[in-house]
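Remember, our numbering sits 3 above the position in the sequence shown when you count from 1.
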Amino acid sequence: MQRVLFSETVFGPIHSRRLGTSLGINLLPDDGKVCSFDCLYCEAGFNAQGTGTTGLPTREEVASKLEEKLSAMRSAGENLDVITFSGNGEPTLHPDFAAVVKDTLDLRDRYFPDVKVSVLTNSTRLDREDVVNALKSIDNNILKLDSAVESTMRVIDRPTSPAFTVDKAIARLKQFGGTGIIQTMMLRGEYNGHRIDNTTEAETDALIEAYRAVRPRSIMIYSIDRKTPAEKLQKVPKDELERIAAKIISRTGITVSIA
(Lines of atoms letter the chains of each structure in order from A and count residues from 1; the text may use other names and numbers.)
(Lines give C-alpha, C1' and ligand atoms only; values in the text may rest on other atoms or scores of the structure.)
Protein backbone atom coordinates (compact mmCIF):
# COMPACT_ATOMS: atom_id res chain seq x y z
CA MET A 1 0.00 0.00 0.00
CA GLN A 2 1.22 3.48 -0.87
CA ARG A 3 1.96 5.29 2.37
CA VAL A 4 2.83 8.71 3.79
CA LEU A 5 5.36 10.90 2.04
CA PHE A 6 6.74 13.03 4.83
CA SER A 7 8.52 11.69 7.91
CA GLU A 8 9.35 15.12 9.36
CA THR A 9 7.40 18.10 10.65
CA VAL A 10 9.58 20.55 8.72
CA PHE A 11 10.90 19.07 5.48
CA GLY A 12 12.87 20.14 2.43
CA PRO A 13 13.37 22.52 0.89
CA ILE A 14 12.05 20.78 -2.21
CA HIS A 15 11.31 22.07 -5.69
CA SER A 16 7.60 22.54 -6.19
CA ARG A 17 6.40 22.70 -9.78
CA ARG A 18 3.75 25.19 -8.64
CA LEU A 19 5.53 27.27 -5.99
CA GLY A 20 9.31 27.13 -6.54
CA THR A 21 11.82 26.32 -3.77
CA SER A 22 9.54 25.32 -0.92
CA LEU A 23 10.16 24.53 2.73
CA GLY A 24 7.34 22.26 3.85
CA ILE A 25 5.45 22.11 7.13
CA ASN A 26 3.62 18.88 7.97
CA LEU A 27 1.12 19.42 10.78
CA LEU A 28 0.00 15.80 10.64
CA PRO A 29 1.63 12.61 12.01
CA ASP A 30 4.96 11.65 10.48
CA ASP A 31 3.98 7.98 10.34
CA GLY A 32 0.30 8.18 9.38
CA LYS A 33 -2.30 10.21 7.57
CA VAL A 34 -5.08 12.47 8.89
CA CYS A 35 -7.39 13.97 6.29
CA SER A 36 -11.01 14.98 5.74
CA PHE A 37 -10.72 13.81 2.12
CA ASP A 38 -9.53 10.43 0.87
CA CYS A 39 -8.59 11.45 -2.66
CA LEU A 40 -7.96 8.81 -5.30
CA TYR A 41 -4.86 10.70 -6.44
CA CYS A 42 -3.30 11.56 -3.06
CA GLU A 43 0.45 11.04 -3.17
CA ALA A 44 0.39 10.30 0.57
CA GLY A 45 -1.84 7.26 0.00
CA PHE A 46 -5.30 6.34 1.22
CA ASN A 47 -6.59 7.07 4.74
CA ALA A 48 -6.86 3.30 5.31
CA GLN A 49 -3.17 3.25 6.24
CA GLY A 50 -4.20 4.74 9.58
CA THR A 51 -3.17 7.75 11.64
CA GLY A 52 0.08 6.27 12.90
CA THR A 53 1.48 6.44 16.41
CA THR A 54 3.31 9.76 16.67
CA GLY A 55 0.29 12.08 16.83
CA LEU A 56 0.21 15.71 15.75
CA PRO A 57 3.21 17.94 16.45
CA THR A 58 2.57 20.62 19.05
CA ARG A 59 2.58 24.31 18.24
CA GLU A 60 5.83 24.66 20.17
CA GLU A 61 7.49 21.79 18.30
CA VAL A 62 6.56 23.27 14.93
CA ALA A 63 7.92 26.71 15.84
CA SER A 64 11.15 25.27 17.26
CA LYS A 65 11.86 23.08 14.24
CA LEU A 66 10.95 25.81 11.78
CA GLU A 67 13.18 28.39 13.48
CA GLU A 68 16.07 25.93 13.56
CA LYS A 69 15.72 25.25 9.84
CA LEU A 70 15.26 28.88 8.80
CA SER A 71 18.23 29.99 10.88
CA ALA A 72 20.45 27.32 9.33
CA MET A 73 19.31 28.18 5.80
CA ARG A 74 19.94 31.89 6.28
CA SER A 75 23.40 31.22 7.74
CA ALA A 76 24.22 29.02 4.76
CA GLY A 77 22.95 31.62 2.28
CA GLU A 78 20.40 29.22 0.85
CA ASN A 79 17.58 30.34 -1.44
CA LEU A 80 13.92 30.01 -0.45
CA ASP A 81 10.76 31.07 -2.29
CA VAL A 82 7.97 29.83 -0.07
CA ILE A 83 7.06 28.12 3.20
CA THR A 84 4.23 25.70 2.45
CA PHE A 85 1.79 23.93 4.75
CA SER A 86 1.01 20.56 3.15
CA GLY A 87 2.11 17.16 4.48
CA ASN A 88 0.33 13.92 5.29
CA GLY A 89 -3.26 15.12 5.14
CA GLU A 90 -5.23 18.32 5.71
CA PRO A 91 -3.24 20.97 7.65
CA THR A 92 -6.27 22.92 8.84
CA LEU A 93 -7.34 19.90 10.94
CA HIS A 94 -4.58 20.73 13.43
CA PRO A 95 -6.28 22.18 16.54
CA ASP A 96 -3.70 25.00 16.76
CA PHE A 97 -3.63 25.73 13.03
CA ALA A 98 -4.30 29.46 13.39
CA ALA A 99 -1.66 29.86 16.11
CA VAL A 100 0.90 27.90 14.10
CA VAL A 101 0.25 30.14 11.09
CA LYS A 102 0.87 33.22 13.25
CA ASP A 103 4.15 31.74 14.56
CA THR A 104 5.20 30.92 11.00
CA LEU A 105 4.52 34.45 9.78
CA ASP A 106 6.55 35.86 12.69
CA LEU A 107 9.49 33.55 11.95
CA ARG A 108 9.27 34.29 8.22
CA ASP A 109 9.45 38.01 8.94
CA ARG A 110 12.49 37.49 11.16
CA TYR A 111 14.55 35.22 8.89
CA PHE A 112 13.25 35.49 5.29
CA PRO A 113 10.96 38.53 5.07
CA ASP A 114 10.58 38.28 1.28
CA VAL A 115 9.44 34.65 1.33
CA LYS A 116 5.78 33.81 0.78
CA VAL A 117 3.72 31.61 3.11
CA SER A 118 1.27 29.22 1.43
CA VAL A 119 -1.31 26.72 2.64
CA LEU A 120 -2.61 23.86 0.52
CA THR A 121 -6.10 23.12 1.85
CA ASN A 122 -8.93 20.92 0.67
CA SER A 123 -11.50 23.58 1.66
CA THR A 124 -13.37 21.35 4.13
CA ARG A 125 -12.78 23.61 7.15
CA LEU A 126 -13.89 26.91 5.71
CA ASP A 127 -16.88 26.92 8.06
CA ARG A 128 -14.48 27.76 10.93
CA GLU A 129 -13.79 31.45 11.56
CA ASP A 130 -10.32 30.81 13.01
CA VAL A 131 -9.28 28.81 9.94
CA VAL A 132 -10.67 31.40 7.52
CA ASN A 133 -8.93 34.27 9.33
CA ALA A 134 -5.63 32.37 9.37
CA LEU A 135 -5.89 31.67 5.64
CA LYS A 136 -6.64 35.33 4.97
CA SER A 137 -3.48 36.33 6.83
CA ILE A 138 -1.07 34.47 4.54
CA ASP A 139 0.24 35.22 1.06
CA ASN A 140 -1.20 32.25 -0.82
CA ASN A 141 -4.31 30.43 0.39
CA ILE A 142 -4.53 27.62 -2.17
CA LEU A 143 -8.03 26.17 -1.99
CA LYS A 144 -9.15 22.92 -3.57
CA LEU A 145 -12.08 22.55 -5.94
CA ASP A 146 -11.62 19.44 -8.11
CA SER A 147 -15.14 19.35 -9.50
CA ALA A 148 -18.26 21.48 -9.34
CA VAL A 149 -20.39 18.38 -10.00
CA GLU A 150 -21.40 16.70 -6.74
CA SER A 151 -21.20 13.10 -7.95
CA THR A 152 -17.77 13.62 -9.53
CA MET A 153 -16.39 15.35 -6.44
CA ARG A 154 -17.55 12.43 -4.27
CA VAL A 155 -15.81 9.88 -6.50
CA ILE A 156 -12.52 11.79 -6.83
CA ASP A 157 -12.16 13.45 -3.41
CA ARG A 158 -14.18 11.06 -1.24
CA PRO A 159 -14.93 13.47 1.65
CA THR A 160 -15.13 11.74 5.00
CA SER A 161 -18.15 13.83 6.06
CA PRO A 162 -21.45 13.37 4.18
CA ALA A 163 -22.28 16.97 5.19
CA PHE A 164 -19.60 18.35 2.88
CA THR A 165 -21.06 19.27 -0.51
CA VAL A 166 -19.97 21.13 -3.62
CA ASP A 167 -22.57 23.84 -3.04
CA LYS A 168 -21.35 24.45 0.51
CA ALA A 169 -17.74 24.50 -0.67
CA ILE A 170 -18.43 27.08 -3.37
CA ALA A 171 -20.40 29.28 -0.96
CA ARG A 172 -17.52 29.22 1.53
CA LEU A 173 -14.89 29.79 -1.14
CA LYS A 174 -16.57 33.12 -1.89
CA GLN A 175 -15.00 34.40 1.33
CA PHE A 176 -11.71 34.47 -0.61
CA GLY A 177 -12.92 36.37 -3.65
CA GLY A 178 -10.04 38.41 -5.02
CA THR A 179 -7.48 36.81 -2.69
CA GLY A 180 -7.72 33.02 -2.89
CA ILE A 181 -6.13 30.68 -5.41
CA ILE A 182 -8.41 27.85 -6.55
CA GLN A 183 -6.53 24.63 -7.29
CA THR A 184 -8.09 21.95 -9.50
CA MET A 185 -6.65 18.52 -10.21
CA MET A 186 -7.54 17.40 -13.74
CA LEU A 187 -7.62 13.66 -14.32
CA ARG A 188 -9.41 10.75 -15.88
CA GLY A 189 -9.45 7.03 -15.37
CA GLU A 190 -11.34 4.37 -13.48
CA TYR A 191 -11.84 3.29 -9.88
CA ASN A 192 -14.05 0.49 -8.56
CA GLY A 193 -16.01 0.40 -11.79
CA HIS A 194 -16.56 4.17 -11.87
CA ARG A 195 -15.36 6.01 -14.96
CA ILE A 196 -13.78 9.32 -13.93
CA ASP A 197 -13.16 12.35 -16.14
CA ASN A 198 -13.40 15.95 -14.91
CA THR A 199 -12.10 17.35 -18.22
CA THR A 200 -15.34 16.91 -20.20
CA GLU A 201 -17.25 19.89 -21.52
CA ALA A 202 -19.96 19.48 -18.87
CA GLU A 203 -17.37 19.28 -16.08
CA THR A 204 -15.33 22.26 -17.26
CA ASP A 205 -18.49 24.31 -17.81
CA ALA A 206 -19.56 23.60 -14.22
CA LEU A 207 -16.10 24.55 -12.93
CA ILE A 208 -16.18 27.78 -14.91
CA GLU A 209 -19.52 28.73 -13.34
CA ALA A 210 -18.04 28.02 -9.91
CA TYR A 211 -14.92 30.05 -10.65
CA ARG A 212 -17.11 32.94 -11.81
CA ALA A 213 -19.12 32.76 -8.60
CA VAL A 214 -16.03 32.69 -6.36
CA ARG A 215 -13.90 35.19 -8.34
CA PRO A 216 -10.54 34.02 -6.96
CA ARG A 217 -7.29 35.90 -7.46
CA SER A 218 -6.15 33.12 -9.77
CA ILE A 219 -6.76 29.51 -10.73
CA MET A 220 -4.23 26.69 -10.77
CA ILE A 221 -4.93 23.57 -12.84
CA TYR A 222 -2.63 20.59 -12.84
CA SER A 223 -2.58 16.83 -13.30
CA ILE A 224 -0.98 13.72 -11.86
CA ASP A 225 2.79 13.86 -11.55
CA ARG A 226 3.60 10.89 -9.28
CA LYS A 227 2.30 7.46 -8.38
CA THR A 228 -1.27 7.47 -7.06
CA PRO A 229 -3.02 4.97 -4.75
CA ALA A 230 -5.76 4.42 -7.36
CA GLU A 231 -3.65 2.83 -10.06
CA LYS A 232 -5.94 3.34 -13.07
CA LEU A 233 -5.83 7.13 -13.10
CA GLN A 234 -4.40 8.91 -16.13
CA LYS A 235 -2.45 12.12 -16.45
CA VAL A 236 -4.00 14.84 -18.61
CA PRO A 237 -1.44 16.00 -21.23
CA LYS A 238 -0.11 19.54 -21.00
CA ASP A 239 -1.55 20.62 -24.35
CA GLU A 240 -5.01 19.59 -23.16
CA LEU A 241 -4.52 21.50 -19.90
CA GLU A 242 -3.55 24.51 -21.99
CA ARG A 243 -6.80 24.27 -23.98
CA ILE A 244 -8.83 24.01 -20.77
CA ALA A 245 -6.95 26.98 -19.31
CA ALA A 246 -7.65 29.07 -22.42
CA LYS A 247 -11.35 28.23 -22.16
CA ILE A 248 -11.43 29.24 -18.49
CA ILE A 249 -9.61 32.51 -19.15
CA SER A 250 -11.86 33.43 -22.08
CA ARG A 251 -15.02 32.93 -20.01
CA THR A 252 -13.90 34.28 -16.64
CA GLY A 253 -11.08 36.75 -17.24
CA ILE A 254 -9.23 35.12 -14.33
CA THR A 255 -5.53 34.23 -14.56
CA VAL A 256 -4.89 30.49 -14.92
CA SER A 257 -1.56 28.76 -14.35
CA ILE A 258 -0.69 25.20 -15.38
CA ALA A 259 1.57 22.77 -13.54
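We put the CB at the ideal spot given by N, CA and C, even for glycine.
Extent of the continuous alpha helix (DSSP H) run through residue 74: Residue mapping note: residue 74 aligns to position 71 of the sequence shown, counting from 1. From DSSP, the alpha helix (DSSP H) with residue 74 extends over 62 to 78.
Nearest-angstrom beta carbon gap, residue 155 and residue 201 [assumed within contact, 8 Å]: On the sequence shown, residue 201 is found 198 positions in, with the first residue counted as 1. On the sequence shown, residue 155 is found 152 positions in, with the first residue counted as 1. Between residue 155 and residue 201 the Cβ distance is about 6 Å, and since that is below 8 Å, they are a contact.
C-beta contact flag for residue 198 and residue 41 at 8 Å: As a working note, residue 198 is residue 195 in the sequence shown. As a working note, residue 41 is residue 38 in the sequence shown. No, these two residues do not count as a Cβ contact at 8 Å.
Between residue 205 and residue 150, what straight-line distance do the alpha-carbon atoms span, to the nearest angstrom? By 1-based counting over the sequence shown, the position of residue 205 is 202. By 1-based counting over the sequence shown, the position of residue 150 is 147. Cα to Cα, the separation comes out at about 11 Å.
On the DSSP letters alone, give me the boundaries of the beta strand (DSSP E) that residue 200 sits inside. Along the sequence shown, one-based indexing puts residue 200 at 197. Residues 197 to 200.
Opening and closing residue of the alpha helix (DSSP H) in which residue 29 lies: Reading the sequence shown from its first residue, position 26 is the one you call residue 29. Unbroken run through residue 29 is the beta strand (DSSP E), 23 to 29; no alpha helix (DSSP H).
Comparing C-alpha positions only, which one of 32, 19, 172 and 249 sits nearest to residue 93? Walking along the sequence shown from the start, residue 93 turns up at place 90. The shortest C-alpha separation from residue 93 is found at 32.
Minimum C-alpha distance to residue 128 - residue among 118, 196 and 172: Counted from its first residue, the sequence shown places residue 128 at position 125. That would be 172, whose Cα lies nearest to the Cα of residue 128.
Based on DSSP bridge pairs, tell me the residues matched to residue 121. In the sequence shown, the residue the question calls residue 121 occupies position 118. Residue 121 pairs with 87 and 143.
So what's residue 40 in DSSP terms, helix, strand or just coil? Here residue 40 corresponds to residue number 37 of the sequence shown, with the count starting at 1. Three-state DSSP puts residue 40 in coil, outside helix and strand.
Helix, strand or coil for residue 255? Go by DSSP, reduced to three states. Position 252 of the sequence shown holds residue 255. Residue 255: helix per DSSP, three-state reduction.
If we call anything under 8 Å between Cβ atoms a contact, is residue 259 one with residue 211? As a first step, residue 259 is located in the sequence shown; it is residue number 256 there, counting from the start. As a first step, residue 211 is located in the sequence shown; it is residue number 208 there, counting from the start. Cβ distance not < 8 Å, so residue 259 and residue 211 don't count as in contact.
Roughly how many whole angstroms lie between the Cα atoms of residue 168 and residue 121? As a working mapping, residue 168 is identified with position 165 in the sequence shown. As a working mapping, residue 121 is identified with position 118 in the sequence shown. For residue 168 and residue 121, the distance between alpha carbons rounds to 25 Å.
Delimiting residues of the alpha helix (DSSP H) encompassing residue 218: Taking the first residue of the sequence shown as position 1, residue 218 is located at position 215. In the DSSP assignment, residue 218 falls outside any alpha helix (DSSP H) and carries neither an H nor an E.
Who pairs with residue 194 in a beta bridge, going by DSSP? Residue 194 sits at position 191 when you count from the first residue of the sequence shown. 197.
Using a Cβ-Cβ cutoff of less than 7 Å, which residues in the same chain neighbour residue 83 once the five nearest sequence positions on both sides are dropped? Translated into the one-based positions of the sequence shown, residue 83 becomes position 80. Only 16, 24, 26, 76, 115 and 118 meet the Cβ criterion.
Just to confirm before moving on: does the CB-CB distance between residue 43 and residue 236 stay below 8 Å? The sequence position of residue 43 within the sequence shown is 40, counting from 1. The sequence position of residue 236 within the sequence shown is 233, counting from 1. At a Cβ-Cβ threshold of 8 Å, residue 43 and residue 236 count as neighbours.
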